[in-house]
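The opening position of the sequence shown corresponds to residue 1 in UniProt numbering, with each subsequent residue numbered one higher. Here a beta-carbon is modelled for each residue, glycine too, at the ideal position from N, C-alpha and C. Here's the structure we're looking at; comments come further down.
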Amino acid sequence: MGVAEGNVGLAFGLVFAAGLSTTIGSSFAFCANMADQRVLAGALGISAGVMLYVSFAEIFIIKAVEGFEDSGYDGDSAMRYATFCFFAGILLTYALDFVVHLLAGAAGHGHSHDLSFNSIMAPEHGHSHAHGHGHGHDDQDSKCESHGLEQDATIAPNPLNIEGGGLEEESAKDEELQRMGLMTGLAIALHNFPEGLATFVATLADSSLGISIAIAIALHNIPEGVCVAMPIYYATGSKWKGFFWSFMSGVSEPIGGLLGYLVLYGDNMSSLAYGSLFGIVGGMMVYISLKELIPTALKYDPEDKYVTNCVFIGMGVMAASLLMFTA
1 MGVAEGNVGL AFGLVFAAGL STTIGSSFAF CANMADQRVL AGALGISAGV
51 MLYVSFAEIF IIKAVEGFED SGYDGDSAMR YATFCFFAGI LLTYALDFVV
101 HLLAGAAGHG HSHDLSFNSI MAPEHGHSHA HGHGHGHDDQ DSKCESHGLE
151 QDATIAPNPL NIEGGGLEEE SAKDEELQRM GLMTGLAIAL HNFPEGLATF
201 VATLADSSLG ISIAIAIALH NIPEGVCVAM PIYYATGSKW KGFFWSFMSG
251 VSEPIGGLLG YLVLYGDNMS SLAYGSLFGI VGGMMVYISL KELIPTALKY
301 DPEDKYVTNC VFIGMGVMAA SLLMFTA
């Protein structure tokens, strides 16, 4: 099982497209018509269903095991090593999640807010930026609230409500809000790295599989872009600064793809490398789906009117697509 040279360009293209979809989210943040919460919840649910099904039914149980078998291991040993790699992927993503929590602590300076993966995706903020810059932030607040993005008042309370406050206190709050946006971007960049690796490796093995994963990842990168751009926009009054840092948070996905290319390049180690990487990627994708996508979707659909059904729809779509390409 070697690197399919014809798929390398497509693999990098899909990784770039999925990673830079964060910029779509940052663009939505400044548009008058924000996406309906139900649509967002459903899209995240479908993404989770696609990633869960393909992780178990294709990446882990078939691709990872085949990689070890092609490198000379018998069936039982191949399954054993693929399983080890699967749980190693879960542990690795858990470690990245832990780093995100450390970054959240650095951003919050002891505040009670939580910047875990889930709160990054659906932060609560109700900031009314009253600097008199004329950026229309009050109007933007209402748009964010309708989208389920309300900023935590412990991070950036309304300057008008600060007793004895003045420009100095107002400026300090803006600096903290901007710091939160930058830390959010860094945290998202860290967790986008394995997604880039997953998209690249999957595309090299099967272009249709890679396209499906790239679409699923792109869908959930869009709200991440909103959550990076909005705090920076509110703190600085600059749409372009928010857009820029949202863009930068997606750049780590192509870096993950580049790592996959470097590891897999060369026929001598490719079969074993494929088996190991597919096992790790399968674990990463399951963790991201269960720990991030589904909980985040439920934040936008607390009564679960759509999310669970959309998870099953995503599984069905992925299953049908795999059956069509194996028929």
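Next item on the list: Quick one: give me the first and last residue of the alpha helix (DSSP H) that Phe60 is part of.
Entry: What you label residue 60 is simply residue 60 of the sequence shown in a count that begins at 1. Element bounds for Phe60: n/a, residue is neither H nor E.
Check: Nearest CA to the CA of Phe193: which residue from Glu253, Ile280 and Leu264?
Finding: The residue labelled residue 193 in the question sits at position 193 within the sequence shown. Its Cα nearest to that of Phe193, the residue Glu253 stands out among Glu253, Ile280 and Leu264.
Next item on the list: Output the boundary residues of the alpha helix (DSSP H) element that contains Ser238.
Entry: Position 238 of the sequence shown, counted from the start, is the residue given in the question as residue 238. Ser238 -> no alpha helix (DSSP H), and no H or E assigned at all.
Checklist line | Helix, strand or coil at Lys291 according to DSSP, with G and I counted as helix | finding: Position 291 of the sequence shown, counted from the start, is the residue given in the question as residue 291. If DSSP states are grouped into helix, strand and coil, Lys291 belongs with the helices.
Checklist line | Glu58 versus Thr22: straight-line alpha-carbon distance, rounded | finding: As a position in the sequence shown, residue 58 is number 58, starting the count at 1. As a position in the sequence shown, residue 22 is number 22, starting the count at 1. Distance between the alpha carbons of Glu58 and Thr22: 27 Å.
Checklist line | Sequence-distant residues of the same chain with beta carbon closer than 8 Å to Gly210, five excluded per side | finding: Within the sequence shown, residue 210 is the residue found at index 210, counting from 1. Answer for Gly210: Asn7, Leu10, Ala11, Leu14, Thr199, Phe200, Ala202, Thr203 and Leu204, listed in chain order.
Note to self: Excluding the 5 residues flanking Gly260 on each side, which residues of the same chain have their C-beta closer than 7 Å to its C-beta?
What the structure shows: By one-based count along the sequence shown, residue 260 stands at place 260. So the list reads Leu197, Phe200, Val201 and Leu277, once near-sequence residues are dropped.
Check: Roughly how many angstroms lie between the CA atoms of Met121 and Ala41, to the nearest whole one?
Finding: Taking the first residue of the sequence shown as 1, we reach residue 121 at position 121. Taking the first residue of the sequence shown as 1, we reach residue 41 at position 41. Bear in mind that the predicted position of Met121 carries a pLDDT of just 42, short of 50, making it unreliable; the figure below should be weighed with that in mind. Their backbone Cα atoms lie some 12 Å apart in a straight line.
Item checked: Simplified DSSP state of Asp70, which is helix, strand or coil -> Along the sequence shown, one-based indexing puts residue 70 at 70. Of the three classes helix, strand and coil, the one that applies to Asp70 here is helix, per DSSP.
Notebook entry, point to check: Around the Cβ of Phe312, are there at least 16 other Cβ atoms within 10 angstroms (buried) or fewer (exposed)?
Noted result: Against the sequence shown, residue 312 aligns to sequence position 312. Exposed, because fewer than 16 other Cβ atoms sit within 10 Å of the Cβ of Phe312.
Notebook entry, point to check: Under 8 Å, do Gly275 and Gly67 count as touching if we go by C-beta distance?
Noted result: Numbered from 1 along the sequence shown, position 275 holds the residue referred to as residue 275. Numbered from 1 along the sequence shown, position 67 holds the residue referred to as residue 67. Taking 8 Å as the Cβ cut-off, Gly275 and Gly67 qualify as a contacting pair.
Notebook entry, point to check: Which class does His224 belong to by DSSP, given the choice of helix, strand or coil?
Noted result: Within the sequence shown, numbered from 1, the residue matching residue 224 stands at position 224. Just to set this straight, residue 224 is Glu in the shown sequence, not His. Of the three classes helix, strand and coil, the one that applies to Glu224 here is helix, per DSSP.
Notebook entry, point to check: By how many angstroms is the C-alpha of Ser321 removed from the C-alpha of Asn309?
Noted result: Within the sequence shown, the letter at position 309 stands for residue 309. Within the sequence shown, the letter at position 321 stands for residue 321. When rounded, the distance between both Cα atoms is 18 Å.
Next item on the list: Could you please give the first and the last residue of the uninterrupted alpha helix (DSSP H) stretch that includes Leu258?
Entry: Taking the sequence shown and counting its residues from 1, one reaches residue 258 at position 258. First-last of the alpha helix (DSSP H) with Leu258: Ser252 to Leu264.
Next item on the list: State buried or exposed for Phe98, treating a residue as buried only when at least 16 other CB atoms are found within 10 Å of its CB.
Entry: Along the sequence shown, read from residue 1 onward, the residue named residue 98 stands at position 98. With fewer than 16 other Cβ atoms within 10 Å, it is exposed.
Notebook entry, point to check: Buried or exposed: where does Ala17 fall if 16 or more other Cβ atoms within 10 Å of its Cβ makes it buried?
Noted result: Along the sequence shown, one-based indexing puts residue 17 at 17. Looking at its Cβ environment, which holds 16 or more other Cβ atoms inside 10 Å, Ala17 is buried.
Notebook entry, point to check: So Tyr306 is in the alpha helix (DSSP H); what residue range does that whole segment cover?
Noted result: The residue you call residue 306 lines up with position 306 of the sequence shown. Segment: none, Tyr306 is in no alpha helix (DSSP H) and carries neither H nor E.
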